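> Please see the structure below; I have some questions.
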Amino acid sequence: MNEIGEAYYQAAFVFFESQQYDKAVENFIKAYRHGTHRKEILDHLYSCFIAPNEAEFKKNYQENRKEMLDIPYEELEIDFIPVSDSKFYLFHRPSEEFAGSFQLDDTSIMSDDVDFESILVADYWDFRQILPFMKETTWDTVYILLNQQAAGFASFFKLPRFHELYMENVVIFQDTEIMKIFFDEYSDYYLPKKILASSDKYEFILNHIHRKRIKYLSQQRDNVFLSIIIPSYNRGRRTLSAVEEICRSNYDSEIEIIVSDNGSDLYVSEYEAIQQMHDTRVRYNRNKYNMGFLENVVRGLEMAKGKYAVLSSDEDIMLIENLPHYFNLFKKYRECGVFITGGFGKNNFPPLEEESVQLHGFKAIITGINRTYMTGIGYNMALIHQMGLLEYLRQHADNIMVDYYPHCILNFKLALVSAILECGQLPLWLEEAEEEEDDESLKSYMTIESREQQYVGAVKVFIDSGMSGNILCHLYVERCWKFFYLLYLSIIYYPDYLKKNNMKWESVLEDARRRAEKNLSLLENYTTLEERAGLREQIAELFLEYRKKDVHR
Numbered sequence: 000m001n002e003i004g005e006a007y008y009q010a011a012f013v014f015f016e017s018q019q020y021d022k023a024v025e026n027f028i029k030a031y032r033h034g035t036h037r038k039e040i041l042d043h044l045y046s047c048f049i050a051p052n053e054a055e056f057k058k059n060y061q062e063n064r065k066e067m068l069d070i071p072y073e074e075l076e077i078d079f080i081p082v083s084d085s086k087f088y089l090f091h092r093p094s095e096e097f098a099g100s101f102q103l104d105d106t107s108i109m110s111d112d113v114d115f116e117s118i119l120v121a122d123y124w125d126f127r128q129i130l131p132f133m134k135e136t137t138w139d140t141v142y143i144l145l146n147q148q149a150a151g152f153a154s155f156f157k158l159p160r161f162h163e164l165y166m167e168n169v170v171i172f173q174d175t176e177i178m179k180i181f182f183d184e185y186s187d188y189y190l191p192k193k194i195l196a197s198s199d200k201y202e203f204i205l206n207h208i209h210r211k212r213i214k215y216l217s218q219q220r221d222n223v224f225l226s227i228i229i230p231s232y233n234r235g236r237r238t239l240s241a242v243e244e245i246c247r248s249n250y251d252s253e254i255e256i257i258v259s260d261n262g263s264d265l266y267v268s269e270y271e272a273i274q275q276m277h278d279t280r281v282r283y284n285r286n287k288y289n290m291g292f293l294e295n296v297v298r299g300l301e302m303a304k305g306k307y308a309v310l311s312s313d314e315d316i317m318l319i320e321n322l323p324h325y326f327n328l329f330k331k332y333r334e335c336g337v338f339i340t341g342g343f344g345k346n347n348f349p350p351l352e353e354e355s356v357q358l359h360g361f362k363a364i365i366t367g368i369n370r371t372y373m374t375g376i377g378y379n380m381a382l383i384h385q386m387g388l389l390e391y392l393r394q395h396a397d398n399i400m401v402d403y404y405p406h407c408i409l410n411f412k413l414a415l416v417s418a419i420l421e422c423g424q425l426p427l428w429l430e431e432a433e434e435e436e437d438d439e440s441l442k443s444y445m446t447i448e449s450r451e452q453q454y455v456g457a458v459k460v461f462i463d464s465g466m467s468g469n470i471l472c473h474l475y476v477e478r479c480w481k482f483f484y485l486l487y488l489s490i491i492y493y494p495d496y497l498k499k500n501n502m503k504w505e506s507v508l509e510d511a512r513r514r515a516e517k518n519l520s521l522l523e524n525y526t527t528l529e530e531r532a533g534l535r536e537q538i539a540e541l542f543l544e545y546r547k548k549d550v551h552r
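If you read the sequence shown in numbering that gives the first Met the number 0, its first letter stands for residue 0, the second for the next number, and so on.
In structure tokens:
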């Protein structure tokens with residue numbers, strides 16, 4: 000006789016009689032593993048724990064499976080021995096062995112903070128092995144592939160509230176062929192990027208489906224998450240490189256790459272190469288002639304099918320390895336209208352903060368209107384369409400600020416109704432702008448006349464958007480500061496301009512001050528006399544501040 004097993008067996012009955020069911024079952028299992036009274040133990044556990052709850056188990060199974068499974072109840076391989084409302088011991092009938100215990104969670108493992116990515120879990124019957132990965136993050140979708148493990152895994156559906164607690168974001172495939180057919184026929188479902196499986200064959204299968212999607216997809220692409228828009232003119236070589244880099248991504252249905260060629264007459268063969276790419280993610284538009292930057296940007300945004308769109312200069316490269324980070328930000332902060340994604344390079348990207356920051360109100364407005372570098376600005380396309388902003392841009396094309404910086408106007412308009420997200424680490428862009436050509440002449444958009452038109456154009460947009468009083472005064476001063484600052488930068492970048500035109504920095508500043516004071520007339524119907532007097536004082540202070548700056552360094 001196995002004395003140890005017998006001791007456990009006798010102890011189990013003592014605990015059972017005192018209604019300490021957890022300890023009772025624990026000792027029955029220990030006795031069973033010592034080979035003691037095996038049949039009697041199974042009979043006792045069945046009659047006292049399983050049979051009284053059989054009807055409840057069947058009811059739970061029917062409610063939980065919700066057409067996810069078609070395995071008959073009688074074929075389920077796991078018996079559950081309840082010792083409380085939430086704790087169950089497992090008996091695996093095919094092996095006739097006990098398999099530990101399972102504790103139901105008190106609440107659902109789902110949260111509002113849902114990750115963008117999905118995971119595939121293959122060939123596991125034991126839900127307890129899957130659960131830690133499900134809790135690792137709130138996956139968008141957990142795909143569970145069962146194959147030969149279906150009867151074991153399905154047994155967990157006998158537990159109360161199992162679907163509510165664990166299955167809200169789960170899709171179950173009973174075999175590999177069903178999974179392949181599903182992803183082949185329903186290409187709007189994103190392929191899982193993380194795989195939990197003992198075999199690498201599933202990575203091969205998903206890669207094969209990915210290649211088919213980008214080469215042979217004939218269905219309408221109705222679930223694009225992000226449109227990457229590249230307005231381009233006469234930079235076909237760099238644009239082709241940028242597109243090829245994005246195409247190395249393992250995303251397919253999630254993204255589209257829109258190149259809007261503004262009637263380029265240089266690098267024609269490179270643009271043709273983009274147009275002829277055998278990649279369903281790439282969409283190409285060519286304007287018959289150069290229709291201007293504004294119209295080219297608007298056409299790219301009009302083509303976008305994505306829930307979100309991000310603009311890129313045709314000089315910059317996307318760091319595709321960091322794209323998952325930004326997908327999560329777009330999804331997490333979906334209430335935001337504008338997303339300012341980060342990068343690094345020569346001079347156009349500010350240093351990235353560690354954490355993302357939501358900007359509201361005046362701070363969002365100022366940040367949006369001043370984000371003149373286009374690369375990396377992302378948009379909530381639903382908000383753009385709801386507000387009719389693309390039509391607004393076209394209707395105000397004669398405003399030089401709208402014409403030169405349509406993205407800044409979009410930022411401003413969206414900041415009036417939503418937050419702007421300044422995205423933290425990681426960088427999404429590598430600035431690869433070519434060196435400026437040796438040209439000592441001031442660019443046309445840098446002249447005092449053009450800079451004045453730009454800030455006046457911005458002020459007109461402010462007024463058109465209902466700004467008045469104190470906030471309009473703050474915005475006017477900010478635009479005047481920008482006016483002086485950009486003139487100062489122009490002289491720094493082109494130091495010979497003053498000498499060639501027989502001018503002095505003081506005379507440029509005097510001219511700028513006169514223009515800023517003259518344009519106060521724009522505010523007459525929207526501010527008080529006292530407010531405008533205060534603005535004159537602030538303009539004078541700006542003049543004095545910039546007169547002290549050294550432009551001959």
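Beta carbons are placed, not taken as given, at the ideal position from N, Cα and C, and that holds for glycine. Small disclaimer: the values here were computed from a predicted structure and weren't measured.
1. Can you tell me whether TRP138 is helix, strand or coil according to DSSP?
2. Please state whether DSSP places HIS209 in a helix, a strand or coil.
3. Compute the beta-carbon to beta-carbon distance between GLN453 and ILE399, rounded to the nearest angstrom, for a pair I have assumed lies under 8 Å.
4. Within a Cβ cutoff of 6 Å, which residues of the same chain sit near PHE90, ignoring the five residues on either side of it in sequence?
5. Could you pull out every unbroken alpha helix (DSSP H) segment of at least 4 residues lying fully inside the segment 238-295, listed in chain order?
6. GLU435 to ARG237, Cα distance in whole Å?
7. If you drop the 5 nearest sequence neighbours on each side, which residues of the same chain put their C-beta closer than 8 Å to that of LEU441?
8. In the DSSP output, what is ASP78 paired with across the bridge?
9. Grouping DSSP H, G and I as helix and E and B as strand, with all else coil, what is MET133?
10. Using beta-carbon positions only, say whether TYR188 and GLU253 come within less than 8 Å of one another.
11. Do you know offhand how far ALA153's Cα is from ILE339's?
12. Which of the three DSSP states, helix, strand or coil, is assigned to LYS192?
13. Where do the N-terminal and C-terminal ends of the alpha helix (DSSP H) with PRO323 fall, by residue?
14. State the beta-bridge partners of GLU308 as determined by DSSP.
15. Based on DSSP bridge pairs, tell me the residues matched to VAL113.
16. Taking a contact to mean a Cβ-Cβ separation below 8 Å, would you say LEU68 touches PHE132 in this structure?
17. Could you give the DSSP three-state label for PHE155: helix, strand or coil?
18. Three or more C-beta pairs closer than 8 Å, one from the segment 411-424 and one from the segment 352-369: is that the case here?
19. Could you say which of SER311, ARG333, LEU351 lies nearest to ILE256 if we only look at CA atoms?
20. Round the Cβ separation of VAL553 and ASN410 to the nearest angstrom and send it over; I've been treating them as touching at under 8 Å.
21. By Cβ distance below 6 Å, which residues in the same chain neighbour ILE316 in space, the five residues on each side in sequence not counted?
22. Report the partner residues of VAL337 according to the DSSP bridge assignment.
23. With respect to the beta strand (DSSP E) encompassing LEU553, which residues constitute its N-terminal and C-terminal limits?
24. Does DSSP classify GLN18 as helix, strand or coil?
25. Assign ARG212 to one of two classes, buried (16 or more other C-beta atoms within 10 Å of its C-beta) or exposed (fewer than that).
26. On the criterion of 16 or more Cβ atoms from any shown chain inside 10 Å, does GLU421 qualify as buried, or is it exposed?
27. With H, G and I counted as helix, E and B as strand and the rest as coil, what does DSSP make of MET400?
28. On a CA-only basis, which of GLN128, ASP122, MET166 is nearest GLN148? Give me that one, please.
29. Give me the residue from GLU320, MET290, TYR288, TYR332 with the minimum Cα distance to LYS306.
30. Short of 6 Å in beta carbon distance, which residues of its chain neighbour HIS359, apart from the five on each side in sequence? Order them along the chain.
31. Which residue marks the beginning of the alpha helix (DSSP H) containing LEU145, and which one marks its end?
32. Nearest to MET280 by alpha carbon, out of ASP313, PHE224, ASN233, LEU425?
33. Do you know how far the Cα of VAL309 is from the Cα of GLY342?
34. Can you look up GLN453 in the DSSP assignment and give me helix, strand or coil?
35. State buried or exposed for LEU543, treating a residue as buried only when at least 16 other CB atoms are found within 10 Å of its CB.
According to the structure shown:
1. coil
2. helix
3. 6 Å
4. ASP78, PHE97
5. 267-274
6. Summary for GLU435: the model assigns pLDDT 49, below 50, so the residue's position carries little reliability, and this model does not support an answer.
7. SER489, TYR493, TYR496
8. PHE90
9. helix
10. no
11. 45 Å
12. coil
13. 322-331
14. Reading off the sequence shown, one finds Ala at residue 308, where the question assumed Glu. BP columns for ALA308 point to SER226, TYR378.
15. DSSP lists no partner for VAL113.
16. no
17. helix
18. yes
19. SER311
20. Since the first residue of the chain shown is 0 and the last is 552, residue 553 is not available in this structure.
21. ALA241, GLU244, LEU429, GLU431
22. TYR378, ILE419
23. Since the displayed the chain opens at 0 and closes at 552, residue 553 lies outside it and no answer follows.
24. coil
25. buried
26. buried
27. helix
28. ASP122
29. TYR332
30. ALA418
31. Taken as a continuous stretch (DSSP letters only), LEU145 belongs to no alpha helix (DSSP H), as it is neither H nor E.
32. Note that residue 280 is Arg in the sequence shown, not Met. Closest option to ARG280, Cα to Cα, is PHE224.
33. 13 Å
34. helix
35. exposed
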